[in-house]
Amino acid sequence: MARSPSPSIFRPKQGVDQSVMEENRKLVQDINRRGLLRGTLSLGALTMLTGCTISDTDTVQSFLRTISAFNDKVQEAIFRPNHLAPTYSVDQVVKPPRFNAYYDVEDVKPVDGASWKLELAGLIQDKRPWTAQQLHQLPEEEWIIRHICVEGWDYIGQWSGVNLGQFLKRIGADTTAKYVSFKCADDYTETLDMATALHPQTILATKYAREPIADPFGFPLRLRTATKLGFKNAKWITAMEVTNTFIPTFWSKQGFNWFAGI
Amino acid sequence: MDDSFTVKSTRRHRLHPGGLRVMHWLNALAMVLLIMSGWKIYNDEVLFGWLHFPEALTLGVWAQHGLQWHFFAMWILMVNGLIYLVYGFATGRFRRKLVPIRPAEVVAEIRKALSFKLAHDDITHYNAVQKLLYIGVILVIVLQVVTGWLLWKPVQLSEVLPLFGGFQAVRLIHFIGMAAIVGFLVVHVALALLVPKTIGAMVTGGPLVDDDAPSALPQPAPAE
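Heads up: the protein sequence lines correspond to chains F and Z, in order. Per the numbering used here, the first sequence starts with residue 25, numbered consecutively. Per the numbering used here, the second sequence starts with residue 1359, numbered consecutively.
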């Protein structure tokens, strides 16, 4: 993502006019406690007034997104590639799963499973597309894991499908590459770091509670990983690319943290 | 008391040394940012149906701004807080200022506070209630950092999460911790405004005090 260089928010755009200090030297020297108190209160009031809009300015966004990129690095560093997320029993599974997308459930456009294909691109040896039928013939594994949304809600779900790490090896993907990116039927985009893509609990899911995933939840193919927030689990996947170039994602473009690990 | 006054060379310093003042105001900034952005995050998925924070008091237009601010200010809080804890133990400030707390004094101070007879001529020594509140808020902030990490990394820290009762329980504890800090802030700011010289002292450093002045002995009047 190309970012235009922007000055620090801690530095004024123009140099400070020193004559102001000279003219007000007497006043500055006259500062007493009451003045300080009044000043502190005004500063507080100012925060209140600008609090609602200050976050959206380019300078502030550029700064906060730099911090968010730093937080990506921190999360990559502390990620435990072989540490398994807690799993649960079948009777704890919530049916149906809770819907989440960038639009309402009524606006879901179902994907036709018969004509659907998974396209492959990037650092992959065998880029032949996969039909749903071909995917169903691969070994299937199941995880009963907790879905945690960035908003704070969660539920336990039972997902089964193809282990993504094994699938990447099967198609001859370069697993030393940095990213695995996804495109979806609803124009959603998502990018995983390779460590997460290779995590044992990351699957290309085709079933929920042992039934084909219903339309609102990503039929015929969606991502399900136990180590990311809910929105990272792309639904209605149509294409997958293995790449060393970071492809900005639907939510990261809007300022959400990219790594979003849990 | 029978102690004879012995002259020894003690290092005189400001009541609130410069480094401590910087830490105090950095912490204040981080706290305000964390609370206001935390309210934004909370409003997106409330714990209590009857409680939404007024948007005017939240930080950010959209939820992602609340998250961005929260995950920026947490670094100020953690780095600054860690330096403060090391400083407090290493210099003996915690030992000098925050202990001992005698239950009888706590009761007496609460009585005085309720009858509006709080003494505040000497701002160099904390009374028992102040000590209790300051220790309490430090511990709550430590708890907020721990529960904050658990909310951020419930899977990476999955060995620790059950000790706090699981993900939703940690959300609730993090909320209650926030409420406790806001409660502390209301009292803290109200009392500081009632005795404005305490604010002045936290800005300019306040009176000169001896490093190891025993708190039981009467203090010489600080030179203004």
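Here a beta-carbon is modelled for each residue, glycine too, at the ideal position from N, C-alpha and C. Model, not experiment: these values are computed from the prediction.
Discussion item. Against chain F, does Leu1417 (chain Z) count as a neighbour if the rule is that its beta carbon must be under 8 Å from one of theirs?
Written reply: Working through the second sequence from its first residue, we reach residue 1417 (chain Z) at position 59. Judged by the 8 Å Cβ criterion, Leu1417 (chain Z) is in contact with chain F.
Practice prompt. Would you tell me roughly how many angstroms separate the C-alpha atoms of Val1503 (chain Z) and Met1432 (chain Z), rounded to the nearest one?
Written response: Position 145 of the second sequence holds residue 1503 (chain Z). Position 74 of the second sequence holds residue 1432 (chain Z). Using only the alpha carbons, I get a separation of about 8 Å.
Discussion item. Do Phe1533 (chain Z) and Val1495 (chain Z) count as a contact pair if the criterion is CB distance below 8 Å?
Written reply: If you number the second sequence from 1, residue 1495 (chain Z) lands on position 137. If you number the second sequence from 1, residue 1533 (chain Z) lands on position 175. For Val1495 (chain Z) and Phe1533 (chain Z), no; Cβs fall outside 8 Å.
Worksheet item: Do you know how far the Cα of Ile195 (chain F) is from the Cα of Trp282 (chain F)?
Response: As a first step, residue 282 (chain F) is located in the first sequence; it is residue number 258 there, counting from the start. As a first step, residue 195 (chain F) is located in the first sequence; it is residue number 171 there, counting from the start. Spanning the two alpha carbons is a distance of roughly 26 Å.
Worksheet item: Would you report the Cα separation of Trp1383 (chain Z) and Ile1459 (chain Z), rounded to the nearest angstrom?
Response: As a working note, residue 1383 (chain Z) is residue 25 in the second sequence. As a working note, residue 1459 (chain Z) is residue 101 in the second sequence. Rounded to whole angstroms, Trp1383 (chain Z) to Ile1459 (chain Z) spans 26 Å at the Cα level.
Worksheet item: Relative to the alpha-carbon of Trp167 (chain F), which residue among F:Tyr179, F:Ser184, F:Val174 and F:Arg246 has its alpha-carbon at the smallest distance?
Response: Position 143 of the first sequence holds residue 167 (chain F). That would be F:Ser184, whose Cα lies nearest to the Cα of Trp167 (chain F).
Worksheet item: Is the Cβ-Cβ distance between Ile1493 (chain Z) and Leu1456 (chain Z) less than 8 Å?
Response: Taking the first residue of the second sequence as position 1, residue 1493 (chain Z) is located at position 135. Taking the first residue of the second sequence as position 1, residue 1456 (chain Z) is located at position 98. Yes. Within cutoff.
Practice prompt. Report yes if the CB atom of Gly176 (chain F) is closer than 8 Å to the CB atom of Gln1426 (chain Z), and no otherwise.
Written response: Locating residue 176 (chain F) in the first sequence gives position 152, where the first residue counts as 1. Locating residue 1426 (chain Z) in the second sequence gives position 68, where the first residue counts as 1. No. Outside cutoff.
Worksheet item: Can you give the beta carbon distance from Lys207 (chain F) to Thr267 (chain F), rounded, assuming they're within the 8 Å contact cut?
Response: Translated into positions along the first sequence, residue 207 (chain F) becomes position 183. Translated into positions along the first sequence, residue 267 (chain F) becomes position 243. About 12 Å; that fails the 8 Å criterion.
Worksheet item: Across which residues does DSSP place Tyr179 (chain F) in a beta bridge pair?
Response: Here residue 179 (chain F) is taken as the residue at index 155 of the first sequence, counted from 1. Partner(s): F:His171.
Item to complete: Could you have a look at Glu130 (chain F) and say whether DSSP puts it in helix, strand or coil?
Response: Along the first sequence, one-based indexing puts residue 130 (chain F) at 106. Residue state, collapsed to three classes: helix.
Worksheet entry | Residue burial classification, Trp275 (chain F) (beta-carbon count within 10 angstroms, cutoff 16) | Residue 275 (chain F) sits at position 251 when you count from the first residue of the first sequence. Answer is buried; the Cβ neighbour count reaches 16.
Fill in: Cutoff 6 Å; reference Ala1550 (chain Z); Cβ partners in own chain excluding five residues on either side
Locating residue 1550 (chain Z) in the second sequence gives position 192, where the first residue counts as 1. Thr1556 and Ile1557.
Item to complete: Quick one: which residues of the stretch 1524-1538 of chain Z get their C-beta closer than 9 Å to a C-beta of chain F? List them in chain order.
Response: Phe1525, Gln1526 and Arg1529
Discussion item. Let me check understanding here. Comparing Cα to Cα, which of Z:Met1381, Z:Ala1448, Z:Gln1422 and Z:Trp1510 lies closest to Asn1401 (chain Z)?
Written reply: In the second sequence, residue 1401 (chain Z) corresponds to position 43, counting from 1. Per the Cα distances, Z:Gln1422.
Worksheet item: Between Phe1447 (chain Z) and Trp1510 (chain Z), what straight-line distance do the alpha-carbon atoms span, to the nearest angstrom?
Response: Position 89 of the second sequence holds residue 1447 (chain Z). Position 152 of the second sequence holds residue 1510 (chain Z). Approximately 29 Å, taken between the alpha carbons.
Item to complete: Give the C-beta separation of Gly285 (chain F) and Phe103 (chain F) to the nearest angstrom, bearing in mind that I take them to be a contact with Cβ-Cβ under 8 Å.
Response: Walking along the first sequence from the start, residue 285 (chain F) turns up at place 261. Walking along the first sequence from the start, residue 103 (chain F) turns up at place 79. Contact flag correct, Cβ pair sits at about 6 Å.
Worksheet item: Within the 8 Å Cβ cut-off, does Trp1427 (chain Z) reach chain F?
Response: For the purposes of this step, residue 1427 (chain Z) is identified with residue 69 of the second sequence, where counting begins at 1. So yes, Trp1427 (chain Z) belongs to the interface.
Item to complete: Report the three-state DSSP secondary structure of Glu235 (chain F) (helix, strand or coil).
Response: Against the first sequence, residue 235 (chain F) aligns to sequence position 211. In the three-state reduction of the DSSP assignment, Glu235 (chain F) falls in the strand class, which pools E and B.
Worksheet item: Leaving out five residues before and five after Met218 (chain F) in sequence, what residues of the same chain have Cβ atoms less than 7 Å from its Cβ?
Response: Numbered from 1 along the first sequence, position 194 holds the residue referred to as residue 218 (chain F). Same-chain partners within the cutoff: Thr199, Ala201, Lys202, Tyr203 and Val204.
Worksheet item: Val266 (chain F) lies in the beta strand (DSSP E); which residues open and close that run?
Response: One-based indexing of the first sequence puts residue 266 (chain F) at position 242. First-last of the beta strand (DSSP E) with Val266 (chain F): Ile261 to Thr267.
Worksheet entry | Residues of the stretch 246-258 of chain F with Cβ closer than 8 Å to any Cβ of chain Z, in chain order | Of all residues in the stretch 246-258 of chain F, Ala250 and Thr251 have a Cβ within less than 8 Å of some Cβ in chain Z.
Discussion item. Taking beta-carbon pairs under 9 Å, can you tell me which members of the stretch 1366-1386 of chain Z lie near chain F?
Written reply: none
Worksheet entry | Reduced DSSP secondary structure (H/G/I, E/B, other) of Ser30 (chain F) | Looking up residue 30 (chain F) in the first sequence gives position 6. Its pLDDT being 42, under 50, Ser30 (chain F) is placed unreliably by the model, and the measurement read from it follows with that caveat. Coil.
Worksheet item: In chain Z, what lies closer than 8 Å to Gly196 (chain F) by C-beta?
Response: As a working mapping, residue 196 (chain F) is identified with position 172 in the first sequence. Under the 8 Å cutoff, chain Z gives no residues; its nearest Cβ is about 30 Å from Gly196 (chain F).
Worksheet item: Is it a yes or a no for the stretch 1464-1474 of chain Z touching the stretch 1408-1416 of chain Z, going by three-plus beta-carbon pairs under 8 Å?
Response: no
Worksheet item: Is the number of C-beta pairs between the stretch 1439-1446 of chain Z and the stretch 102-121 of chain F that are closer than 8 Å three or more?
Response: The stretch 1439-1446 of chain Z, when compared against the stretch 102-121 of chain F, does not touch it at the 8 Å Cβ threshold.
Worksheet item: Does Gln1514 (chain Z) get closer than 8 Å to chain F when you measure Cβ to Cβ?
Response: Mapped onto the second sequence, residue 1514 (chain Z) falls at position 156. Taking Cβ atoms only, chain F reaches closer than 8 Å to Gln1514 (chain Z), which makes this a yes.
Discussion item. Using C-beta distances below 6 Å, list every residue in its chain close to Leu1373 (chain Z), excluding the 5 sequence neighbours before and after it, in chain order.
Written reply: Mapped onto the second sequence, residue 1373 (chain Z) falls at position 15. Answer for Leu1373 (chain Z): Thr1482, Ala1559, Gly1564, Pro1565 and Val1567, listed in chain order.
Worksheet item: Can a CB atom of chain F be found closer than 8 Å to the CB of His1423 (chain Z)?
Response: On the second sequence, position 65 is the one that residue 1423 (chain Z) refers to. For His1423 (chain Z), the nearest CB of chain F lies under 8 Å from its own CB, placing it at the interface with that chain.
Worksheet item: Do the CB positions of Gln182 (chain F) and Ala238 (chain F) come within less than 8 Å of each other?
Response: Taking the first residue of the first sequence as 1, we reach residue 182 (chain F) at position 158. Taking the first residue of the first sequence as 1, we reach residue 238 (chain F) at position 214. No.
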